[in-house]
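Accompanying notes for the structure given below.
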Amino acid sequence: MPEKIKEYDVIVIGAGPAGYVAAIRCAQLGLNVACVDNWFNKDGQRSLGGTCLNVGCIPSKALLESSALYEKATTELVEHGIKAKNVSLDLKKMIQRKEQVVKDLTGGIGALFDANNICLFSATAKLLAEKQVEVTFLDNKKEIISAANIILAPGSLPKPHPEIPFTDNLIVDSTAALEFDSVPGAVAVLGAGVIGLELGSVWRRLGAKVSLFKSSKLLLPAADDQIGQQASLILQKQGLNFCFETRVTGYVIKNNKVELSYEDSEGQHKTLFDKVIVAIGREPNMENLFSGDAGIKLNDRGFIEVDDKCRTQSEGIYAIGDAVRGPMLAHKGSEEGMMVAELIKGKSARVNYETVPFVVYTEPEIAWCGKTEQQLKENGHDFHVGSFPFASNGRARAVGHTEGLIKILADAKTDRVLGVHMLGPHASELIAQAVIAMEFGSSSEDLAMTMFAHPSLSEVMHEAALDAGPGAIHKARPRKS
Numbered sequence: 000m001p002e003k004i005k006e007y008d009v010i011v012i013g014a015g016p017a018g019y020v021a022a023i024r025c026a027q028l029g030l031n032v033a034c035v036d037n038w039f040n041k042d043g044q045r046s047l048g049g050t051c052l053n054v055g056c057i058p059s060k061a062l063l064e065s066s067a068l069y070e071k072a073t074t075e076l077v078e079h080g081i082k083a084k085n086v087s088l089d090l091k092k093m094i095q096r097k098e099q100v101v102k103d104l105t106g107g108i109g110a111l112f113d114a115n116n117i118c119l120f121s122a123t124a125k126l127l128a129e130k131q132v133e134v135t136f137l138d139n140k141k142e143i144i145s146a147a148n149i150i151l152a153p154g155s156l157p158k159p160h161p162e163i164p165f166t167d168n169l170i171v172d173s174t175a176a177l178e179f180d181s182v183p184g185a186v187a188v189l190g191a192g193v194i195g196l197e198l199g200s201v202w203r204r205l206g207a208k209v210s211l212f213k214s215s216k217l218l219l220p221a222a223d224d225q226i227g228q229q230a231s232l233i234l235q236k237q238g239l240n241f242c243f244e245t246r247v248t249g250y251v252i253k254n255n256k257v258e259l260s261y262e263d264s265e266g267q268h269k270t271l272f273d274k275v276i277v278a279i280g281r282e283p284n285m286e287n288l289f290s291g292d293a294g295i296k297l298n299d300r301g302f303i304e305v306d307d308k309c310r311t312q313s314e315g316i317y318a319i320g321d322a323v324r325g326p327m328l329a330h331k332g333s334e335e336g337m338m339v340a341e342l343i344k345g346k347s348a349r350v351n352y353e354t355v356p357f358v359v360y361t362e363p364e365i366a367w368c369g370k371t372e373q374q375l376k377e378n379g380h381d382f383h384v385g386s387f388p389f390a391s392n393g394r395a396r397a398v399g400h401t402e403g404l405i406k407i408l409a410d411a412k413t414d415r416v417l418g419v420h421m422l423g424p425h426a427s428e429l430i431a432q433a434v435i436a437m438e439f440g441s442s443s444e445d446l447a448m449t450m451f452a453h454p455s456l457s458e459v460m461h462e463a464a465l466d467a468g469p470g471a472i473h474k475a476r477p478r479k480s
């Protein structure tokens with residue numbers, strides 16, 4: 000007789016930030032959960048957490064922090080009266096620290112799975128008809144499992160460049176760009192989005208000459224124009240070379256280097272680089288994810304079609320994270336995972352896509368939430384603006400990071416906060432204040448009437464809110480008659 004198919008309440012395919020959060024929340028709600036994930040580290044050990052924990056958010060932030068400390072030690076400490084002699088770089092140690100951070104966090108997820116009695120299959124998964132899942136192990140042995148509810152959380156992959164294919168150790172994706180064994184002399188980054196800016200910042204701080212190639216003329220088109228323009232000027236001043244409105248057309252490998260061909264308004268060019276990092280975006284990981292009769296439909300961009308509750312066209316089958324519409328952000332996927340778990344349990348749940356925070360971990364950091372000024376103008380929405388620079392903030396002056404500002408956009412009639420945009424120190428932390436305020440429908444006056452600790456960077460938010468109304472205390476502007 001054939002072996003009986005194992006049945007669960009929920010099967011989650013993928014254990015990245017969307018999948019593992021969905022699995023844990025389902026288990027916390029008393030559901031019998033299985034999770035199938037095929038990520039193994041370079042030592043052949045299973046490693047939960049998907050791209051984010053293994054080769055994305057976490058290792059990149061570890062290197063950003065380490066490289067920032069190195070730059071501070073070599074260029075900034077003298078301003079604080081600290082003379083640090085013979086500062087040198089141990090890149091091997093820096094990479095080892097990054098890997099240990101990853102190991103600790105991925106291992107922590109494994110412990111959480113054990114604590115919540117989640118059945119983990121370290122294998123690949125393929126959704127079949129009738130909510131059955133084919134599980135294929137490393138030895139090619141297969142097993143069929145099924146569940147009343149399926150959550151697809153396959154994540155995403157680096158998008159290849161149509162003209163510049165990956166070449167081992169020379170033309171690389173964002174994963175390999177975290178593993179260089181020496182600091183390259185010259186680095187080309189194809190794409191100047193979040194990933195390109197962060198990786199470019201790491202290697203520039205460590206001594207590489209970094210050029211970022213972008214086909215459009217705006218640094219971060221999704222960000223507020225004022226913030227993007229100021230960030231562009233600051234990052235160029237730091238040493239990043241931006242090639243805007245430039246199209247890369249080809250390459251040649253010469254003596255273990257890459258000669259890139261590209262064109263801009265001034266004509267054709269060729270430049271030699273030690274490394275080329277392709278960071279032109281990511282695409283959903285759909286390879287062999289489901290069979291043709293599984294009832295899953297993709298849109299014209301290759302994403303799984305879902306409604307606002309992350310439900311596919313097939314009853315009981317959900318999709319979350321990078322595989323569906325919306326920004327490819329770990330926290331967005333996690334919140335979708337939480338929502339779907341609650342819905343499966345019969346509870347009410349939603350994700351507010353109007354208050355998703357965006358962060359770029361450059362120095363200074365860039366963060367925003369809600370509508371940009373250009374979006375409001377395009378929609379004919381009347382609004383008022385309040386802003387305040389970090390240069391006028393006491394804490395920012397004390398720590399020596401004074402570049403940037405916080406900008407608040409509020410409805411002209413209701414004063415409700417419509418968007419908050421930041422460029423400055425610790426913007427990744429400060430943006431949470433904006434998200435909370437917008438979730439509660441706050442007005443700029445609400446923020447202006449809230450007491451903030453002094454001295455703190457948060458006071459820049461307070462002053463920006465005041466500036467949206469009667470006027471910031473520490474910002475000179477003409478008196479109203």
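Counting along the sequence shown from 1, when you hit position 98 you're at 97 in numbering that gives the first Met the number 0, and nothing is skipped either side.
In this text, a Cβ means the ideal position worked out from N, Cα and C, and glycines have one as well.
Keep in mind the model is a prediction, meaning the values are calculated, not measured.
#1: Please work out which residues of its chain come closer than 8 Å, Cβ to Cβ, to Val86, disregarding the five sequence neighbours upstream and downstream, and give them in chain order.
#2: Using the C-alpha atoms, what's the distance from Ala83 back to Gly320?
#3: Please classify His481 as buried or exposed, where buried requires at least 16 other C-beta atoms within 10 Å of its C-beta.
#4: Which residues bound the beta strand (DSSP E) around Met421?
#5: Between Lys269 and the rest of its own chain, which residues show a CB-CB distance below 6 Å, the 5 nearest in sequence each way excluded?
#6: Given Gly336, which residues of its chain have a CB within under 6 Å of its CB, disregarding the five upstream and five downstream residues?
#7: Starting from Ile276, follow the beta strand (DSSP E) in both directions and report where the run begins and ends.
#8: How many Å lie between Phe179 and Gly468 at the Cα?
#9: Grab me the residues of Lys236's own chain with a C-beta within less than 6 Å of its C-beta, minus the 5 sequence neighbours each way, in chain order.
#10: With DSSP as the reference, label Met0 as helix, strand or coil.
#11: Threshold first: 4 residues or longer. Then list the alpha helix (DSSP H) segments lying entirely within the stretch 90–175, N to C.
#12: With a CB to CB cut of under 7 Å and the five nearest residues on each side skipped, what residues in its chain are close to Pro1?
#13: Out of Leu446, His473, His330, Leu88, which one is the CA nearest neighbour of Leu201?
#14: State whether the stretch 27–46 contacts the stretch 123–135, with contact taken as three or more CB pairs (one from each stretch) at a distance under 8 Å.
#15: What does DSSP give as the partner residue(s) for Gly332 in the beta ladder?
#16: Suppose contacts are defined by Cβ-Cβ distances below 8 Å. Is Glu377 in contact with Leu408 by that definition?
#17: Near Val358, what residues of its chain come up, given a Cβ to Cβ distance below 6 Å and the 5 sequence neighbours on each side ignored?
#18: Might you give, ordered along the chain, the residues of its own chain that have their beta carbon closer than 8 Å to the beta carbon of Gly249, omitting 5 neighbours on each side?
#19: What do you get for Glu78, buried or exposed, if any count of 16 or more other CB atoms within 10 angstroms of its CB means buried?
#20: Quick check: the Cα distance between Asn53 and Gly192, rounded to an integer number of angstroms?
#21: Could you have a look at Arg349 and say whether DSSP puts it in helix, strand or coil?
#22: Assuming Asp223 and Lys406 are in contact, meaning their beta carbons sit under 8 Å apart, how far apart are those beta carbons, in whole angstroms?
#23: Count the other C-beta atoms from every protein chain shown that fall within 10 angstroms of the C-beta of Ala146, then say buried if there are 16 or more, exposed otherwise.
#24: Restricting to Cα atoms, I'd like to know which of Leu126, Tyr7, Glu98, Pro356 is closest to Gly291.
#25: Please state if the CB of Pro58 and the CB of Leu198 are separated by a distance shorter than 8 Å.
#26: Helix or strand or just coil, what does DSSP make of Tyr360?
#27: What's the C-alpha gap between Ile233 and Leu151?
#28: Counting only the same chain and skipping the five closest in sequence on each side, list residues whose C-beta sits under 6 Å from that of Asn284.
#29: In this structure, does DSSP put Trp202 in helix, strand or coil?
#30: Quick one: what does DSSP say Ser480 is sitting in, helix, strand or coil?
#31: Please state whether the Cβ-Cβ distance between Val188 and Ala207 is less than 8 Å.
#32: Using C-beta distances below 7 Å, list every residue in its chain close to Leu111, excluding the 5 sequence neighbours before and after it, in chain order.
On the basis of the supplied data:
#1: Numbered from 1 along the sequence shown, position 87 holds the residue referred to as residue 86. A distance below 8 Å between beta-carbons, with the five flanking residues on each side excluded, links Val86 to the following residues of its chain, in chain order: Tyr69, Ala72, Thr73.
#2: Stepping through the sequence shown from its first residue, residue 320 is reached at position 321. Stepping through the sequence shown from its first residue, residue 83 is reached at position 84. The straight-line gap from Cα to Cα measures roughly 45 Å.
#3: Outside the modelled stretch of the chain, which goes from 0 to 480, sits residue 481, for which no answer is possible.
#4: Residue numbering aside, residue 421 sits at position 422 when the sequence shown is read from its first letter. Looking at the DSSP string, the run of the beta strand (DSSP E) that includes Met421 is 416–423.
#5: The residue given as residue 269 occupies position 270 in the sequence shown. Result list for Lys269: Glu258, Ser260, in chain order.
#6: Here residue 336 refers to the residue found at position 337 of the sequence shown. Here the set comprises Ala17, Val20, Ala21, Ile319.
#7: Within the sequence shown, numbered from 1, the residue matching residue 276 stands at position 277. Ile276 -> beta strand (DSSP E) spans 274–277.
#8: Indexing the sequence shown from 1 puts residue 179 at position 180. Indexing the sequence shown from 1 puts residue 468 at position 469. Straight across, the Cα-Cα distance linking Phe179 with Gly468 is about 50 Å.
#9: On the sequence shown, residue 236 is found 237 positions in, with the first residue counted as 1. Beyond the five residues adjoining it in sequence on each side, Lys236 comes within less than 6 Å, by CB distance, of no other residue in the same chain.
#10: The residue labelled residue 0 in the question sits at position 1 within the sequence shown. Unreliable placement is indicated for Met0, whose pLDDT of 36 sits below 50; the coordinate value is still reported in the next sentence. Collapsing the DSSP output to three states places Met0 in coil.
#11: Entirely contained in the stretch 90–175, the alpha helix (DSSP H) runs reaching 4 residues are, in chain order, 90–114.
#12: Reading the sequence shown from its first residue, position 2 is the one you call residue 1. Because the pLDDT at Pro1 is just 49, under 50, the model does not fix this residue reliably, and the value given afterwards should be weighed accordingly. Residues of the same chain with their beta carbon placed closer than 7 Å to that of Pro1 are lacking, with the five preceding and five following residues left out of the count.
#13: If you number the sequence shown from 1, residue 201 lands on position 202. The sequence as given places Val at residue 201; Leu does not occur at that position. Among Leu446, His473, His330, Leu88, the Cα nearest to that of Val201 is on Leu88.
#14: A contact exists between the stretch 27–46 and the stretch 123–135.
#15: Walking along the sequence shown from the start, residue 332 turns up at place 333. None; Gly332 has no bridge partner.
#16: Numbered from its first residue, the sequence shown carries residue 377 at position 378. Numbered from its first residue, the sequence shown carries residue 408 at position 409. No. Outside cutoff.
#17: Within the sequence shown, residue 358 is the residue found at index 359, counting from 1. So the list reads Ala366, Ser427, once near-sequence residues are dropped.
#18: Taking the first residue of the sequence shown as position 1, residue 249 is located at position 250. Hits under 8 Å: Glu162, Ile163, Leu259, Ser260.
#19: For the purposes of this step, residue 78 is taken as the residue at position 79 of the sequence shown. Taking all protein chains in view, the Cβ of Glu78 is surrounded by fewer than 16 other Cβ atoms within 10 Å, so the residue is classified as exposed.
#20: What you label residue 53 is simply residue 54 of the sequence shown in a count that begins at 1. What you label residue 192 is simply residue 193 of the sequence shown in a count that begins at 1. Just so you know, the alpha carbons of Asn53 and Gly192 end up roughly 20 Å apart.
#21: Position 350 of the sequence shown, counting from 1, holds the residue named residue 349. The answer is coil: DSSP assigns Arg349 none of H, G, I, E or B.
#22: Counting from 1 along the sequence shown, the entry for residue 223 is found at position 224. Counting from 1 along the sequence shown, the entry for residue 406 is found at position 407. Contact holds; Cβ gap of about 7 Å.
#23: In the sequence shown, the residue the question calls residue 146 occupies position 147. Burial is judged here by how many other beta carbons sit within 10 angstroms of a residue's own beta carbon; Ala146 has at least 16 and is buried.
#24: The sequence position of residue 291 within the sequence shown is 292, counting from 1. Comparing alpha carbon positions, the residue from Leu126, Tyr7, Glu98, Pro356 closest to Gly291 is Leu126.
#25: For this step, residue 198 is matched to residue 199 along the sequence shown. For this step, residue 58 is matched to residue 59 along the sequence shown. Not a contact, by the Cβ cut-off of 8 Å.
#26: Within the sequence shown, numbered from 1, the residue matching residue 360 stands at position 361. In the structure shown, Tyr360 sits in coil (DSSP, three-state: anything other than H, G, I, E or B).
#27: On the sequence shown, position 234 is the one that residue 233 refers to. On the sequence shown, position 152 is the one that residue 151 refers to. Answer to the nearest angstrom: the Cα atoms are 40 Å apart.
#28: Counting from 1 along the sequence shown, the entry for residue 284 is found at position 285. Answer for Asn284: Pro153, Gly154, Ser155, Leu156, listed in chain order.
#29: Locating residue 202 in the sequence shown gives position 203, counting from the first residue. Under the three-state reduction of DSSP, Trp202 is assigned to helix.
#30: Position 481 of the sequence shown, counting from 1, holds the residue named residue 480. Reliability fails at Ser480, whose pLDDT of 46 lies under 50, so the model's placement of it is uncertain and the value that follows must be treated cautiously. DSSP places Ser480 in coil when its eight states are reduced to three.
#31: Here the question's residue 188 lines up with position 189 in the sequence shown. Here the question's residue 207 lines up with position 208 in the sequence shown. No, Cβ-Cβ distance for Val188 and Ala207 is not below 8 Å.
#32: As a first step, residue 111 is located in the sequence shown; it is residue number 112 there, counting from the start. The answer, listed in chain order, is Ile23.
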